[in-house]
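Novice: Questions regarding the structure given below will be posed in turn.
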Amino acid sequence: MTAETLNKMKMRRDVFLLAFAAVQALDASDRWSFYQIAGIHGLPHAPFDGVDNGDWDPRNPDWWGGYCQHGSPLFPTWHRPYMMLLEQSIIRQAKQFATTLSDADEKAAVLDIADDLRFPYLDWANQSTRVLGLPEVFLVTDVPLLYLWKSFSTTSIPNPLKSFAMPVSVGKPFSSSDVYNPTAKPNYVVPSEGTPYTPQGYATVRHVNASYVSQKDKLNVTLMRNANTTLVEGVHAMFQHNQWLPFSNHFWSEETHGDGSQFGHYASLELVHDFVHGTLGGSGGHMTYPEVAAFDPIFFFHHSNVDRLVALWQYCYPNSWIPSKPLQLNSEGTYTDAPDSEANPKTPLTPFRSSAKNANKFVTSNDVRLVDAQCGYSYPEILLARKEGWTPPQMLDYVLKLYEPPENFIRRWVLMIERIVKRAFNGPFRIRVFIGKPDADSNTSVSIPNFAGEIQVFARSTSVRCANCEQTQCMRASLDLTKTMVRLGLATTPLANASDDPFSSDAAAPGNPFTIPGSLRLVFLDMQGRQLDPSTALGTWQGPKVSLYYQKGVPREQINEFTVDDDIDISPQTLQKIEVHDPQLSIAGAAQRSS
């Protein structure tokens with residue numbers, strides 16, 4: 001790399017940081033401000049740029065979960081123009097910054113850079129993250145400016161990537177003396193339900209402690225553990241499904257989920273996305289809660305990577321797209337779309353307008369289907385693939401190798417969980433899975449070899465007013481058990497004289513390696529680590545639906561072939577000793593109920 005090229009890279013980096021900081025500094029009433037753009041995703045529950053549902057009353061702001069699409073086939077495409085909107089704001093500020101420069105050469109260079117600025121992505125599943133954790137630039141209080149500017153002498157600025165200080169209070173405070181308010185530090189306690197309150201002047205946090213300070217070591221330990229397990233395995237799995245609906249979102253229903261027999265069917269893009277939110281936000285962190293997640297700057301770096309994965313998947317499966325005839329409704333609804341409205345490629349992605357001349361014309365998924373041909377940007381892997389002339393199978397092979405788990409077993413056991421009610425516990429929660437630890441509960445360490453992983457449920461609180469929302473939206477999830485089985489010394493291959501069917505009567509005989517000796521234990525927790533009892537769930541939840549899948553040893557090109565176990569229903573009456581072949585499946589906190 002030449003010195004000139006290196007200097008250009010330093011200037012581009014500085015311009016991005018300075019422009020992003022300027023966007024954050026804009027007045028909260030400015031529609032180009034970070035506050036206004038972040039608020040599109042949830043709080044403050046107000047129309048963006050005048051785009052409302054026609055019935056909005058600021059005195060009684062009932063709403064449909066912000067504008068964002070979740071549990072919808074539009075989840076990937078809605079977030080694409082959302083990222084582009086923030087990019088446009090950063091470009092505007094970069095050009096404004098250029099006008100302040102006294103050096104003519106620097107001014108010309110910055111103006112040249114501005115039009116090409118694109119939002120970077122945080123790859124939370126690559127080798128670097130698995131080994132080193134979160135890049136330091138997201139953690140430090142101040143960031144140095146690397147280019148030697150002639151127009152000014154500033155050498156560092158407050159880091160716009162670390163946090164965002166709220167220009168106005170966000171959310172509703174608890175009673176003035178309540179420890180659930182951040183002002184109660186150093187005795188702050190994360191509320192067990194609802195979305196945490198953030199007073200004016202307080203910054204966003206991650207893995208917050210009692211002094212309302214982010215704990216970066218805890219964040220990194222969590223990220224590295226999850227990146228090496230659930231995240232890399234989830235990305236690897238979701239690229240092995242070739243249909244848009246199960247790839248795009250975590251929604252589950254009897255009508256649309258199919259038989260689930262393709263590998264990756266339950267490892268949707270949105271499911272992996274949900275897990276990253278909980279991983280980065282942790283207990284009490286803004287990223288953990290849908291209503292305030294976008295106020296943490298890292299939200300957009302996360303979603304830039306989500307968009308990248310969508311673009312790579314689209315290259316691998318160019319003919320797969322949102323069905324024109326809706327097979328899945330937008331069950332949760334949005335601020336402008338009623339619950340159970342149709343979701344198709346022509347559905348307006350509000351509040352993103354496609355025309356400056358027509359205020360009622362909005363971007364659709366068809367408008368943003370291809371990043372390089374329609375959106376004006378691309379990603380390194382796509383540029384490489386186009387240069388080399390890769391076919392879709394060649395790109396798929398490249399991506400599968402890029403995100404190949406450290407222990408990529410050919411024979412795999414996968415736990416599938418359906419019918420997870422998102423609003424069951426009045427906010428986000430998680431499900432931990434243990435093998436051979438029937439007494440596991442909220443106090444059981446995740447560092448023991450029996451811990452198989454966890455599933456994050458990125459859910460809104462019911463205390464957030466969600467006009468006419470159904471309280472029964474369900475999602476699906478999967479968890480690979482193979483690595484944990486190997487770690488515990490459990491066989492994962494069939495006996496030489498056993499049936500090829502792992503769930504036949506012969507295979508279920510005592511001692512047959514197809515069975516999992518010991519128990520499967522599900523532990524439900526809130527994001528603060530407090531144990532939840534499914535019997536206390538909101539509404540009339542009948543419990544999740546659990547299945548075990550076994551993948552036979554097959555070549556990579558045939559990896560979609562799965563053997564599917566019979567479904568096993570878990571209801572409030574039968575949570576204590578459900579037999580799944582040999583092992584016991586139980587749910588912590590449900591010991592008072594008999595089988």
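In UniProt numbering, the protein residues as written are 1 to 595.
We treat Cβ as the ideally placed atom computed from N, Cα and C, and that holds for glycine.
Starting from R412, follow the beta strand (DSSP E) in both directions and report where the run begins and ends.
Specialist: Counting from one through the sequence shown, the residue named residue 412 turns up at place 412. Taken as a continuous stretch (DSSP letters only), the beta strand (DSSP E) holding R412 covers 412–421.
Novice: Out of curiosity, what's the CA-to-CA distance linking V564 and T288?
Specialist: Residue 564 sits at position 564 when you count from the first residue of the sequence shown. Residue 288 sits at position 288 when you count from the first residue of the sequence shown. Annotation note: pLDDT 37 at V564 (below 50); position unreliable, coordinate value reported separately. Distance between the alpha carbons of V564 and T288 is about 33 Å.
Novice: Quick one: residues in its chain with C-beta nearer than 6 Å to the C-beta of F174, no 5 flanking neighbours on either side, listed in chain order?
Specialist: Indexing the sequence shown from 1 puts residue 174 at position 174. The residues are Y180, N181.
Novice: Could you check whether the stretch 317–326 touches the stretch 79–87, counting it as contact only if at least three pairs of C-beta atoms, one from each stretch, sit closer than 8 Å?
Specialist: Here the stretch 317–326 makes no contact with the stretch 79–87; the two share fewer than three CB pairs at distances below 8 Å.
Novice: From the DSSP output, which residues share a beta bridge with E454?
Specialist: Numbered from its first residue, the sequence shown carries residue 454 at position 454. DSSP, once it has assigned bridges, lists R432 as partnering E454.
Novice: Please report the straight-line C-alpha distance between T195 and Q456, rounded to a whole angstrom.
Specialist: Locating residue 195 in the sequence shown gives position 195, counting from the first residue. Locating residue 456 in the sequence shown gives position 456, counting from the first residue. When rounded, the distance between both Cα atoms is 16 Å.
Novice: Report the option in G285, V235, V168, V189 whose CA atom is closest to the CA atom of K218.
Specialist: Position 218 of the sequence shown, counting from 1, holds the residue named residue 218. Considering only alpha carbons, the answer is G285.
Novice: Distance, Cα to Cα, P438 vs R521?
Specialist: Sequence index remark: in the sequence shown, residue 438 carries index 438 (1-based). Sequence index remark: in the sequence shown, residue 521 carries index 521 (1-based). Their Cα atoms are separated by approximately 6 Å.
Novice: By DSSP's criteria, F299 is part of a beta bridge. Which residues make up the other side?
Specialist: On the sequence shown, position 299 is the one that residue 299 refers to. F299 is not bridged to any residue.
Novice: Where are the alpha helix (DSSP H) runs, 4 residues long or more, that stay fully inside the stretch 374–401, in chain order?
Specialist: Listed in chain order, they are 380–388.
Novice: From the DSSP output, which residues share a beta bridge with P144?
Specialist: Taking the sequence shown and counting its residues from 1, one reaches residue 144 at position 144. P144 pairs with S156.
Novice: Hey, out of P290, L396, S378, whose CA is closest to F239's CA?
Specialist: Along the sequence shown, one-based indexing puts residue 239 at 239. For F239, the nearest C-alpha among the options comes from L396.
Novice: Does DSSP classify T198 as helix, strand or coil?
Specialist: As a first step, residue 198 must be located in the sequence shown, where it is residue number 198. If DSSP states are grouped into helix, strand and coil, T198 belongs with the strands.
Novice: Which residue wins for smallest C-alpha separation from P323, given the options P73, H41, R31?
Specialist: Here residue 323 is taken as the residue at index 323 of the sequence shown, counted from 1. That would be P73, whose Cα lies nearest to the Cα of P323.
Novice: How about Y121 and R423: are their beta carbons less than 7 Å apart?
Specialist: Position 121 of the sequence shown, counting from 1, holds the residue named residue 121. Position 423 of the sequence shown, counting from 1, holds the residue named residue 423. No, Cβ-Cβ distance for Y121 and R423 is not below 7 Å.
Novice: For Y35 and A28, which I take to be in contact (beta-carbon distance under 8 Å), what is that distance rounded to the nearest angstrom?
Specialist: If you number the sequence shown from 1, residue 35 lands on position 35. If you number the sequence shown from 1, residue 28 lands on position 28. Sure, about 4 Å apart at Cβ, within 8 Å.
Novice: Let me check understanding here. Comparing Cα to Cα, which of N366, L415, V205 lies closest to R476?
Specialist: Residue mapping note: residue 476 aligns to position 476 of the sequence shown, counting from 1. Selected option, being the one with the closest Cα: L415.
Novice: Taking the CB atoms as reference points, tell me whether A125 and V235 lie closer together than 7 Å.
Specialist: Reading the sequence shown from its first residue, position 125 is the one you call residue 125. Reading the sequence shown from its first residue, position 235 is the one you call residue 235. The answer is yes: Cβ separation under 7 Å.
Novice: For the alpha helix (DSSP H) containing L122, name the first residue and the last one.
Specialist: Position 122 of the sequence shown, counted from the first residue, corresponds to residue 122. No alpha helix (DSSP H) holds L122; DSSP gives it neither H nor E.
Novice: Spatial neighbours of V363 within its chain, please: CB distance less than 8 Å, with the 5 preceding and 5 following residues excluded, ordered by chain position.
Specialist: One-based indexing of the sequence shown puts residue 363 at position 363. Within the same chain, V363 has close Cβ partners P81, P348, L349, F352, R353, S354.
Novice: Please state whether DSSP places S29 in a helix, a strand or coil.
Specialist: Within the sequence shown, numbered from 1, the residue matching residue 29 stands at position 29. The answer is coil: DSSP assigns S29 none of H, G, I, E or B.
Novice: Put D14 into one of helix, strand or coil per three-state DSSP.
Specialist: What you label residue 14 is simply residue 14 of the sequence shown in a count that begins at 1. In the structure shown, D14 sits in a helix (DSSP, three-state: H, G or I).
Novice: Starting from the C-beta of A385, find all residues in its chain whose C-beta is less than 7 Å away, skip the five residues before and the five after it, and write them out in chain order.
Specialist: The sequence position of residue 385 within the sequence shown is 385, counting from 1. For A385, where only same-chain residues beyond five positions count, the Cβ hits under 7 Å are Y315, M395.
Novice: Consult DSSP for C474 and reduce its assignment to one of helix, strand or coil.
Specialist: Indexing the sequence shown from 1 puts residue 474 at position 474. If DSSP states are grouped into helix, strand and coil, C474 belongs with the strands.
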